[in-house]
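Peer 1: Got a structure for you, questions after.
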Amino acid sequence: MMMESGQNEFGGINYSRATLQQDSEPTTRVESPLPLSMSDDEYRPKRRRVRSPQPPKPVSDEEDDNYVPYVPVAQRREEKFAKLQSWGVRSGRDRPRKPQDDAEEKEAELKEEELRREKARRERTLLLEAQDVHKKKAAEDAKKTVEEKTEEAEAELLEAIKSRRKLASDMELAKGISYSESMKTNWRPPKFVRDRTPEENDKIREKYHILVEGDDIPPPIESFRDMKIPQPIVDYMKSKKITSPTPIQLQGIPAAFAGRDIIGIAFTGSGKTLAFCLPLIMTALEEETKLPFVQGEGPVGIILCPSRELANQTFENIGEWCGALAQSGKYPQLNCLLCMGGISMSEQSHTLNKGIHIVVATPGRLIDMLEKKRFNFNNCKYLCMDEADRMIDLGFEDDVRNIMSFFTRQRQTLLFSATMPRKIQDFARESLIKPVLVNVGRAGAANLDVLQVVEYVKQEAKMVYLLECLQKTPPPVIIFSENKNEVDDIQEYLLLKGVEAVAIHGSKTQEERQYAIKAFKSGAKDVMVASGVASKGLDFNDIQHVIIYSMPKEIEDYVHQIGRTGRSGKTGIATTFVNMNTPEQTLLDLKYLLLEAGQKVPPFLASVEDPRLAQGRSVTGCPVCGGLGHSISNCPKLEDTQRRTMASHRMEDTGGY
Ligand SMILES: Nc1ncnc2c1ncn2[C@@H]1O[C@H](COP(=O)(O)OP(=O)(O)OP(=O)(O)O)[C@@H](O)[C@H]1O
Numbered sequence: 001m002m003m004e005s006g007q008n009e010f011g012g013i014n015y016s017r018a019t020l021q022q023d024s025e026p027t028t029r030v031e032s033p034l035p036l037s038m039s040d041d042e043y044r045p046k047r048r049r050v051r052s053p054q055p056p057k058p059v060s061d062e063e064d065d066n067y068v069p070y071v072p073v074a075q076r077r078e079e080k081f082a083k084l085q086s087w088g089v090r091s092g093r094d095r096p097r098k099p100q101d102d103a104e105e106k107e108a109e110l111k112e113e114e115l116r117r118e119k120a121r122r123e124r125t126l127l128l129e130a131q132d133v134h135k136k137k138a139a140e141d142a143k144k145t146v147e148e149k150t151e152e153a154e155a156e157l158l159e160a161i162k163s164r165r166k167l168a169s170d171m172e173l174a175k176g177i178s179y180s181e182s183m184k185t186n187w188r189p190p191k192f193v194r195d196r197t198p199e200e201n202d203k204i205r206e207k208y209h210i211l212v213e214g215d216d217i218p219p220p221i222e223s224f225r226d227m228k229i230p231q232p233i234v235d236y237m238k239s240k241k242i243t244s245p246t247p248i249q250l251q252g253i254p255a256a257f258a259g260r261d262i263i264g265i266a267f268t269g270s271g272k273t274l275a276f277c278l279p280l281i282m283t284a285l286e287e288e289t290k291l292p293f294v295q296g297e298g299p300v301g302i303i304l305c306p307s308r309e310l311a312n313q314t315f316e317n318i319g320e321w322c323g324a325l326a327q328s329g330k331y332p333q334l335n336c337l338l339c340m341g342g343i344s345m346s347e348q349s350h351t352l353n354k355g356i357h358i359v360v361a362t363p364g365r366l367i368d369m370l371e372k373k374r375f376n377f378n379n380c381k382y383l384c385m386d387e388a389d390r391m392i393d394l395g396f397e398d399d400v401r402n403i404m405s406f407f408t409r410q411r412q413t414l415l416f417s418a419t420m421p422r423k424i425q426d427f428a429r430e431s432l433i434k435p436v437l438v439n440v441g442r443a444g445a446a447n448l449d450v451l452q453v454v455e456y457v458k459q460e461a462k463m464v465y466l467l468e469c470l471q472k473t474p475p476p477v478i479i480f481s482e483n484k485n486e487v488d489d490i491q492e493y494l495l496l497k498g499v500e501a502v503a504i505h506g507s508k509t510q511e512e513r514q515y516a517i518k519a520f521k522s523g524a525k526d527v528m529v530a531s532g533v534a535s536k537g538l539d540f541n542d543i544q545h546v547i548i549y550s551m552p553k554e555i556e557d558y559v560h561q562i563g564r565t566g567r568s569g570k571t572g573i574a575t576t577f578v579n580m581n582t583p584e585q586t587l588l589d590l591k592y593l594l595l596e597a598g599q600k601v602p603p604f605l606a607s608v609e610d611p612r613l614a615q616g617r618s619v620t621g622c623p624v625c626g627g628l629g630h631s632i633s634n635c636p637k638l639e640d641t642q643r644r645t646m647a648s649h650r651m652e653d654t655g656g657y
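For the sequence shown, position 461 matches number 461 in UniProt numbering, and the numbering has no gaps at all.
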């Protein structure tokens, strides 16, 4: 049915935006929206008002109604003069002039002239001043070095990408809820520690190369016993050769016990897991001791991990420590739930049917469980993110905010990683409450216990050379490749050559992934070929050798990959294959990382020149990815983020296809 514009099918008026605007702004011409199928030429609005018989003028209704024809000024003056004459009013023109009138008129004219000149003078001065400012700025710009100009441009770029929302739930952001004080706990350091002077504390930190930032930083404590950790856990750790805390633990654990939000950065294999799990176990123990949990209660805290493998590993660690507590007979049993894709929750119904103290989760499954109300966060007060830079970066940021929205009270937030670029650190600092930053070594630096060997291997020679390379050390060995198909090809080749190899990558089923990890961890298989999945946080026993078959674009990934060896004070080797397919910038990142770690730089890598040095610029780490070989303007991670963002916008624009 054809309808008149402005009318709906029931004869009523359609209050489109256009009509509403016309009502409120009668003098403004408003374009009516065109029906999608019509062009401008086709569209002739039908009006309900009766038109005048005159031909339409090319103006809008309002102009039409109020139209006053233009009369030149001179003509208007003449008409006014004629009108006054007809009323018998004598104008100045025919009135006899007195000398006094002439003087007054002259004076007025002079004044007017003076005012006009003054105005012109002022305008000229303003113009000159503006020109002066412009010239000065141009001169200043000309004086700036290329370095200064580039730095300015990069600062602008950094500022532009900084504009992300605070890491808090939408509700907290909307209601402007922000907490100013850290969480209160009952834990106190022993008296001899409390009595230390700040200088004494600094000396201890210096001894362990611990850098700290923040207000009222809790003191470092050099023994687990002095941290007041329950004896059964201390004994259990001893059985695992964990006798004294590592640097991240001796500063991180007291800070977490004191209820502080933490940004914890320490190299791969330095014991971060214990640093964030122990405080949660202690909190859960305290709550359980006060009032035992029953079905439907808990959790007290959650640990978020970016991958299923890492979640599973952390869950197993917590299970062992809680088991040690319960087996002592002196402490209650604490229940921990693993919440991740790929496992059925019915498998864990025995835990769900009791009170839950701790949840270890990947974001997606956790959100799903919370939405289904399988448990809630009414009593949850501890949120830790492992590999936090990965969690905050890219895809997981919104999931994390979503998870935060299930908290109904203040929480203690802890972020841990071996790599934490400045951009993420700044962002985290803004989002946490009075955070303590604990930094052991440069964020993103390689573990010094890993001997890094970089070899030039032609693309076509890689596979054959791999076999030779495997001879460098006894097993276990991990081989990393960036490409899933390549992972499969390498495994197939090794199997053909009689090497016991398993493979793991994102396209494998959960069972296949679990089988591969189990077989490798138990020593049943000598070699694991992996894509990025296995690089972050996985703790395999005594890996002797990591072979990086294809160098990752992002240097952070390289740091995590070589970090699968040389863990908990042991040494290991990492061999990396590069060739002319490796981007120059990646090579430069690698070169600086080797130099920083005091490793041998092979001649072909040493010859890669840094264009920034030719421009007279200094070498500073990229704030987005921490790479030392490039600046923010050509950061591969930023490019990747932008590509993904654009792709997701395109998906949204096309309704997800
Ligand atoms: N105080 C300690 N003394 C000796 N070994 C320890 C100590 N704390 C932890 N470990 C052991 O060190 C290994 C590495 O620990 P963990 O996995 O926590 O490292 P990480 O810092 O999280 O590494 P990544 O950054 O790769 O995740 C583990 O096997 C752990 O049992």
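For every residue, glycine included, the Cβ atom is placed at its ideal position computed from N, Cα and C.
Quantities reported herein were computed from a predicted structural model and do not represent experimental measurements.
Work out the CA separation of G537 and K637 for me, nearest whole Å.
Peer 2: Counting from 1 along the sequence shown, the entry for residue 637 is found at position 637. Counting from 1 along the sequence shown, the entry for residue 537 is found at position 537. Computed Cα separation, rounded: 20 Å.
Peer 1: Roughly how many angstroms lie between the CA atoms of I229 and S182, to the nearest whole one?
Peer 2: In the sequence shown, residue 229 corresponds to position 229, counting from 1. In the sequence shown, residue 182 corresponds to position 182, counting from 1. Taking the straight line joining both Cα atoms gives about 21 Å.
Peer 1: How would you label M580, buried or exposed, when you count the other beta carbons within 10 angstroms and need 16 or more for buried?
Peer 2: The residue labelled residue 580 in the question sits at position 580 within the sequence shown. Answer is exposed; the Cβ neighbour count stays below 16.
Peer 1: Does the segment 365-372 touch the segment 400-407, meaning 3 or more C-beta pairs lie closer than 8 Å?
Peer 2: The segment 400-407 vs the segment 365-372: in contact.
Peer 1: Secondary structure at A361, three-state DSSP: helix, strand or coil?
Peer 2: In the sequence shown, residue 361 corresponds to position 361, counting from 1. In the structure shown, A361 sits in a strand (DSSP, three-state: E or B).
Peer 1: Quick one: any contact between the segment 550-570 and the segment 474-489, if contact means 3 or more CB pairs under 8 Å?
Peer 2: Yes, the segment 550-570 touches the segment 474-489.
Peer 1: So I555 and L593 are supposed to be a Cβ contact under 8 Å. How far apart are they, rounded?
Peer 2: As a working mapping, residue 555 is identified with position 555 in the sequence shown. As a working mapping, residue 593 is identified with position 593 in the sequence shown. Confirmed, about 6 Å.
Peer 1: Per the contact definition of three or more C-beta pairs closer than 8 Å, is the segment 249-264 in contact with the segment 434-443?
Peer 2: Yes: at least three Cβ pairs fall under 8 Å.
Peer 1: Starting from I517, follow the alpha helix (DSSP H) in both directions and report where the run begins and ends.
Peer 2: Indexing the sequence shown from 1 puts residue 517 at position 517. Element bounds for I517: 510-521.
Peer 1: Exposed or buried, what is N312 when buried is set at 16 or more other beta-carbons lying within 10 Å of its beta-carbon?
Peer 2: Counted from its first residue, the sequence shown places residue 312 at position 312. Per the 10 Å Cβ criterion, buried.
Peer 1: Whole angstroms is fine: what's the gap from D653's alpha carbon to D399's?
Peer 2: Here the question's residue 653 lines up with position 653 in the sequence shown. Here the question's residue 399 lines up with position 399 in the sequence shown. Its pLDDT being 41, under 50, D653 is placed unreliably by the model, and the measurement read from it follows with that caveat. When rounded, the distance between both Cα atoms is 21 Å.
Peer 1: Quick check: P279 and I253, are their CB atoms within less than 8 Å of each other?
Peer 2: Position 279 of the sequence shown, counted from the start, is the residue given in the question as residue 279. Position 253 of the sequence shown, counted from the start, is the residue given in the question as residue 253. The answer is yes: Cβ separation under 8 Å.
Peer 1: So F577 and V457 are in contact, right, with Cβ under 8 Å, and what is the actual spacing, rounded?
Peer 2: Taking the sequence shown and counting its residues from 1, one reaches residue 577 at position 577. Taking the sequence shown and counting its residues from 1, one reaches residue 457 at position 457. Confirmed, about 4 Å.
Peer 1: For the beta strand (DSSP E) holding residue 703, just list the boundary residues, first then last.
Peer 2: Here the chain covers residues 1 to 657 and nothing more, so residue 703 does not appear.
Peer 1: Could you tell me whether the segment 376-391 touches the segment 220-235, where touching means 3 or more Cβ pairs closer than 8 Å?
Peer 2: They do not touch, by the three-pair rule.
Peer 1: To the nearest angstrom, how far is it from the Cα of G598 to the Cα of N376?
Peer 2: Position 598 of the sequence shown holds residue 598. Position 376 of the sequence shown holds residue 376. C-alpha separation (whole angstroms): 49 Å.
Peer 1: Of all Cβ atoms in chain C, is any one closer than 8 Å to the Cβ of D589?
Peer 2: Absent from the structure is chain C; it holds one protein chain and no more.
Peer 1: Return yes when at least one heavy atom of ligand 1 lies under 7 Å from the C-beta of R188, else no.
Peer 2: For the purposes of this step, residue 188 is identified with residue 188 of the sequence shown, where counting begins at 1. False, no ligand heavy atom lies under 7 Å from that Cβ.
Peer 1: How about E288 and P332: are their beta carbons less than 8 Å apart?
Peer 2: Locating residue 288 in the sequence shown gives position 288, where the first residue counts as 1. Locating residue 332 in the sequence shown gives position 332, where the first residue counts as 1. Yes, they are a contact pair.
Peer 1: For M114 and A138, I'd like the C-alpha separation in whole angstroms.
Peer 2: The count along the sequence shown starts at 1 and reaches residue 114 at position 114. The count along the sequence shown starts at 1 and reaches residue 138 at position 138. According to the sequence shown, residue 114 is Glu rather than Met. Cα-Cα distance, rounded: 36 Å.
Peer 1: Skipping 5 residues on each side, what residues in its chain have a beta carbon closer than 7 Å to that of G341?
Peer 2: Position 341 of the sequence shown, counted from the first residue, corresponds to residue 341. Excluding positions up to five away in sequence, the list reads R308, T362, G364, R365.
Peer 1: Quick one: residues in its chain with C-beta nearer than 8 Å to the C-beta of S550, no 5 flanking neighbours on either side, listed in chain order?
Peer 2: Taking the sequence shown and counting its residues from 1, one reaches residue 550 at position 550. So the qualifying residues of the chain are F480, S481, E482, N483, E486, F577.
Peer 1: Rounded to a whole number of angstroms, what is the C-alpha to C-alpha distance between T586 and A446?
Peer 2: What you label residue 586 is simply residue 586 of the sequence shown in a count that begins at 1. What you label residue 446 is simply residue 446 of the sequence shown in a count that begins at 1. So the two alpha carbons sit approximately 15 Å from each other.
Peer 1: Alpha carbon to alpha carbon, how far is A428 from N402?
Peer 2: For the purposes of this step, residue 428 is taken as the residue at position 428 of the sequence shown. For the purposes of this step, residue 402 is taken as the residue at position 402 of the sequence shown. About 16 Å.
Peer 1: Count the other CB atoms, across all protein chains shown, that sit within 10 Å of the CB of R260; report buried if there are 16 or more and exposed otherwise.
Peer 2: Start at 1 with the first residue of the sequence shown, and residue 260 comes out as number 260. With 16 or more Cβ atoms within 10 Å of its Cβ, R260 is classed as buried.
Peer 1: Let me know if V193 comes out buried or exposed under the rule of 16 or more other beta-carbons within 10 Å of its beta-carbon.
Peer 2: Taking the sequence shown and counting its residues from 1, the one referred to as residue 193 is at position 193. Buried, since its Cβ has 16 or more Cβ neighbours within 10 Å.
Peer 1: By alpha-carbon positions, which one of G506, H134, M528 ends up nearest to L495?
Peer 2: If you number the sequence shown from 1, residue 495 lands on position 495. Nearest C-alpha to L495: M528.
Peer 1: Is L274 near ligand 1, judged by its Cβ being under 7 Å from some heavy atom?
Peer 2: Here the question's residue 274 lines up with position 274 in the sequence shown. Yes, the Cβ of L274 comes within 7 Å of a heavy atom of ligand 1.
Peer 1: Is it a yes or a no for the segment 243-251 touching the segment 203-211, going by three-plus beta-carbon pairs under 8 Å?
Peer 2: Segments in contact, yes.
Peer 1: Between which residues of its own chain and N317 is the CB-CB distance below 7 Å, once the five residues before and five after are set aside?
Peer 2: By 1-based counting over the sequence shown, the position of residue 317 is 317. Hits under 7 Å: T273, C277.
Peer 1: Hey, A258 and W187: beta-carbon distance below 8 Å or not?
Peer 2: In the sequence shown, counting from the first residue as 1, residue 258 sits at position 258. In the sequence shown, counting from the first residue as 1, residue 187 sits at position 187. Contact: yes.
Peer 1: In whole angstroms, what is the alpha-carbon distance linking S344 and E200?
Peer 2: For the purposes of this step, residue 344 is taken as the residue at position 344 of the sequence shown. For the purposes of this step, residue 200 is taken as the residue at position 200 of the sequence shown. Whole-angstrom Cα-Cα distance: 51 Å.
Peer 1: Is it the case that the CB of R225 approaches a heavy atom of ligand 1 more closely than 7 Å?
Peer 2: Against the sequence shown, residue 225 aligns to sequence position 225. No; taking the cut-off as 7 Å, the Cβ of R225 has no heavy atom of ligand 1 nearer than that.
Peer 1: Under DSSP, the beta strand (DSSP E) around T413 begins and ends at which residues?
Peer 2: Taking the sequence shown and counting its residues from 1, one reaches residue 413 at position 413. Looking at the DSSP string, the run of the beta strand (DSSP E) that includes T413 is 412-417.
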